[in-house]
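In what follows, a structure is listed as C-alpha cells, so that the remarks can point back to it.
Numbering (the UniProt record's numbering), first residue to last: 1 to 519.
Here you go:
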C-alpha cells in the first residue's frame, strides 16, 4: 500500500529490528544477573537482537518486568506436561459425568449397558471452557430505549437498521446495517469467541442447529516454528445465500495449555516495517516464515511460499484469507467481522493488520468491525498507529476488558526493551458489569502494581460471591455450576485469572451498562 510504504520510509531504520527471547535458553544464573549485575539486555545468550535493536537499546539492562517474564515462562515450561496430563484427565472425567447424567446416571447406564464414553471429536464433547460456561444459545437483542441505553447500542451496534446517535440521544438510519436477524453483532462475537474453544463438530452443530446460521468451516493453522497446528479458527455466515455478515472467530488461550500462556506473556517482538514492532508469537501463530526484522515481506510474504507447510496442513493467515475472499465474493452485500477471546483476540487484531500490510484493500473495504475479549497486547505505538490508519479508518475496533483480567495486561510494557501498548477503544467492565469506555488502557496496566493488590483480591472474592448468586437476580441462564465456581475460586490464588473466563465477558455483553459520563 502507498501509505504503508511512506510510513516505512519515514522510520529511517538501517538495520534489523527484532528482539527474540529464547526462554528455553534462560538459566537461573541469567535471572540473577538480570537482577544484580544489570548487564545490557542484548548481551545475553538467550537474546537474539537485530543490529538496529542493539543500537537502539544500547546499554539498557533488563528491568523487573523482563525478569518477571522469564520467571513466569520458566514456571509455565515446568508445568507444561503435568498441566497437559491433568487437564486431559479432568476434561475427560467431566465429560464422562456430564454425558451420563452424573454418578447415578453412570450406575444406571452400566446396568442398562448404555454407558457413554466421551469422544474428543464428538459434537457433544466440551472443553474446560465449555464446562465452565455451557451456554450456546444466542440472546435476542434487547428493546431499544433512549432513556435506558444498553451497552450494545452505545457501541454503535445497529438494531433494526438504526444506529445510536450518542450526541442527540436518538437514532439515525444506517446505510448498511450490521445486524444478524434479531441479534446484535456484539452478542454474536462474544459467543463465537467462546465456542471457538470447542472442536469442529461441536462448533458446526451450534452454528447450524442452535443459531440457525450457516457454518462455513473449521480450520487448523500450522506453526512452522513449533512444528504443529497451534491455531484454530472457524468461519460462518448468517445465511447460506445473500448473507449480510461473514464472521471469523479465533480460538484463544486454553486453561491447561501452558504453551498458550507462555506465548501470551512472551516479550519477543519483530520489526514488521510499516506495521511497527509486532509480538513474534502471534505472528508465528498466523504463519510467520522467517524471524527477519529487516524485510517484512521476507518475514511474512504476501503469498505462502512453496512448501511452507507439510502436505495436508494449512497456514492460518493464507487459508483464512482465501476462505474470506470466497465468502465475500459469494455474498456481495456481506460485511466481515473478526473476533476472538484471549490469544484469539490477539490473532483477531494482527490478522487485519497483515491484510493491510499486504494491500488487501478489497477485503478491508468490506470489514465491518473487529471485536476482541480479554486480548493481550500485540504491538508497539507504531503498530497502533498503523492499525488506526489502515484498518480503523473504515471500521471500529472494540477491545473488551473485564475487571483485573490478567491477559490484557500482558505482555508487559517494558520500554525500551519491549514497548507493548494497546489500541482500539477499551470497553472496561467493573463491579456488577458496570462499564465505561476508556481512552487508554485498563487500570493496573502491568498487573503487578502493589497499589491495586487489595482491590484485585477484593474483586476476586466479589466475583466468587456474585457467581454463586447472580442467577437470583438475572435468571436461570446465569446459574453457575461447581466447575465455574471452582474456577472463580482460583482468582483468590492468582487474582485476575478467573476474570479471564469467557463467562464474564458473555455476562458483561448481556447485562452490562456503560456509564454515560464515559461516552
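All C-beta atoms, glycine included, are put in the ideal place defined by N, C-alpha and C.
Buried versus exposed call for residue i [16 or more other C-beta atoms within 10 Å across all chains shown]
i           : result
residue 393 : exposed
residue 333 : exposed
residue 59  : exposed
residue 335 : buried
residue 121 : exposed
residue 408 : buried
residue 81  : exposed
residue 587 : Outside the displayed range of the chain (1 to 519) lies residue 587, so it cannot be described from this structure.
residue 390 : buried
residue 146 : Unreliable positioning characterises residue 146 in this predicted model, as indicated by a pLDDT of 33, which lies under 50. A coordinate reading is not provided.
residue 205 : buried
residue 466 : buried
residue 502 : buried
residue 114 : exposed
residue 504 : buried
residue 361 : exposed
residue 284 : buried
residue 458 : exposed
residue 303 : exposed
residue 216 : buried
Rounded distance between the beta-carbons of residue j and residue i, thought under 8 Å
i           : j           : result
residue 400 : residue 373 : 5 Å
residue 353 : residue 300 : That belief does not hold up - the Cβ atoms of residue 353 and residue 300 are roughly 10 Å apart, past 8 Å.
residue 207 : residue 236 : 5 Å
residue 396 : residue 369 : 5 Å
residue 20  : residue 262 : With a Cβ gap of about 14 Å, residue 20 and residue 262 do not count as contacting.
residue 227 : residue 308 : At roughly 13 Å, the Cβ-Cβ gap does not stay under 8 Å, so residue 227 and residue 308 are not in contact.
residue 273 : residue 296 : 4 Å
residue 264 : residue 343 : 6 Å
residue 340 : residue 200 : Going by Cβ atoms, the distance from residue 340 to residue 200 rounds to 17 Å, so no, they are not a contact pair.
Length of the line joining the Cα atoms of residue i and residue j
i           : j           : result
residue 411 : residue 125 : 32 Å
residue 111 : residue 119 : 21 Å
residue 260 : residue 406 : 14 Å
residue 74  : residue 27  : 9 Å
residue 513 : residue 487 : 25 Å
residue 84  : residue 222 : 20 Å
residue 590 : residue 388 : Residue 590 is absent from the model: the chain starts at 1 and stops at 519.
residue 470 : residue 482 : 14 Å
residue 424 : residue 313 : 33 Å
residue 185 : residue 248 : 12 Å
residue 92  : residue 195 : 18 Å
residue 30  : residue 94  : 41 Å
residue 495 : residue 460 : 6 Å
residue 318 : residue 492 : 42 Å
residue 382 : residue 137 : 39 Å
residue 311 : residue 72  : 36 Å
residue 55  : residue 16  : 10 Å
residue 463 : residue 473 : 15 Å
residue 48  : residue 22  : 8 Å
residue 34  : residue 63  : 8 Å
residue 415 : residue 140 : 45 Å
residue 521 : residue 294 : Because the chain is modelled from 1 through 519, residue 521 falls outside the range shown and cannot be assessed.
residue 165 : residue 435 : With a pLDDT of 33 at residue 165, under the threshold of 50, the modelled position of that residue is not reliable, and the figure given next carries that caveat. Distance between the alpha carbons of residue 165 and residue 435: 19 Å.
residue 254 : residue 45  : 31 Å
residue 257 : residue 127 : 12 Å
residue 246 : residue 510 : 22 Å
residue 117 : residue 96  : 6 Å
residue 197 : residue 321 : 21 Å
Proximity winner among the options, relative to residue i (alpha-carbon distances)
i           : options               : result
residue 57  : 43, 69 and 261        : 43
residue 183 : 238, 422, 134 and 371 : 238
residue 66  : 491, 419 and 424      : 419
residue 367 : 337, 449, 356 and 484 : 337
residue 331 : 214, 226 and 230      : 214
residue 522 : 305, 34 and 398       : Coverage of the chain is limited to positions 1 through 519, which leaves residue 522 absent and any answer about it impossible.
residue 234 : 107, 203 and 375      : 203
residue 287 : 297, 278 and 315      : 315
residue 241 : 506, 209, 327 and 306 : 327
residue 280 : 319, 364 and 380      : 380
residue 422 : 402, 452 and 375      : 375
residue 37  : 342, 114, 61 and 45   : 61
residue 403 : 439, 107, 41 and 497  : 497
residue 438 : 427, 445, 444 and 446 : 427
residue 218 : 244, 134 and 232      : 232
residue 129 : 485, 508 and 511      : 485
residue 413 : 41, 40, 53 and 69     : 69
residue 244 : 292, 499, 291 and 329 : 329
residue 478 : 104, 133 and 98       : 133
- 4 or more residues per run - each alpha helix (DSSP H) lying fully within the stretch 300-381: Annotation: the stretch 300-381 contains the following complete segments of the alpha helix (DSSP H) (minimum length 4 residues), in chain order: 316-330, 343-357 and 361-364.
In chain order, which alpha helix (DSSP H) runs of at least 4 residues are fully inside the stretch 69-122? Scanning the stretch 69-122 for uninterrupted alpha helix (DSSP H) segments of 4 residues or longer gives 102-111, listed from N- to C-terminal end.
What are the complete beta strand (DSSP E) segments, minimum 3 residues, inside the stretch 184-265?
As far as the stretch 184-265 is concerned, its whole beta strand (DSSP E) runs of at least 3 residues are 214-223, 228-237 and 245-250.
field: Any beta strand (DSSP E) of 3 or more consecutive residues that is wholly inside the stretch 403-439
entry: For the stretch 403-439, the full-length beta strand (DSSP E) segments reaching 3 residues or more read 425-430 and 434-438 along the chain.
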